[in-house]
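What follows is a single structure, written as structure tokens, with notes after it.
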Amino acid sequence: MAKEYDYLLKVLLVGDSDVGKQEILSGLDDGSSESPFCSGSTAYKTTTILLDGKRVKLQVWDTSGQGRFCTIIRSYSRGAQGIILVYDIFHKFIPQFAN
Numbered sequence: 032m033a034k035e036y037d038y039l040l041k042v043l044l045v046g047d048s049d050v051g052k053q054e055i056l057s058g059l060d061d062g063s064s065e066s067p068f069c070s071g072s073t074a075y076k077t078t079t080i081l082l083d084g085k086r087v088k089l090q091v092w093d094t095s096g097q098g099r100f101c102t103i104i105r106s107y108s109r110g111a112q113g114i115i116l117v118y119d120i121f122h123k124f125i126p127q128f129a130n
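With the sequence shown counted from 1, adding 31 to any position gets you the numbering used here.
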């Protein structure tokens, strides 16, 4: 049986709590699947897109922005090929990033 995709990419949504990561994840086209464990700390969806004539299956992980889940997030981030940094433009930047 042939694979349904040419490439598989694992991508992490990274950012503080309440910046919209879950909204991005829930906005993915249907025909996708959700993680069977939706623990509140990490969830993922998969969807397939067509890019330059190739079928790319994206596994998009929503990681919690809460520090208490840091060790869980580290284990799920292994093998990721990319990140999408999500932030809220209406919150002031943290002073250490202003320099």
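Beta carbons are placed, not taken as given, at the ideal position from N, Cα and C, and that holds for glycine.
Around Ala111, the same chain offers Lys41, Val42, Leu43, Trp92 as residues with beta carbons nearer than 8 Å, after the five sequence neighbours per side are excluded. Judged by DSSP secondary structure, Leu56 falls within the alpha helix (DSSP H) whose first and last residues are 52 to 57.
Here the alpha carbons of Ala33 and His122 stand approximately 47 Å from one another. DSSP places Tyr38 in the strand class (E or B) of the three-state scheme.
Leaving aside the five residues that flank Glu54 on each side, none in its chain has a CB nearer than 7 Å to its CB.
Between Ile115 and Val50, the gap from beta carbon to beta carbon reaches 8 Å or more. The shortest CA-to-CA distance from Tyr36 to any of Lys52, Thr94, Thr77, Gly113 is the one to Thr77. Ala74 is bridged by DSSP to Asp93. If you draw a straight line from the Cα of Ser48 to the Cα of Val117, it comes to about 10 Å.
Remark: C-beta atoms of Tyr107 and Gln90 do not approach each other more closely than 8 Å.
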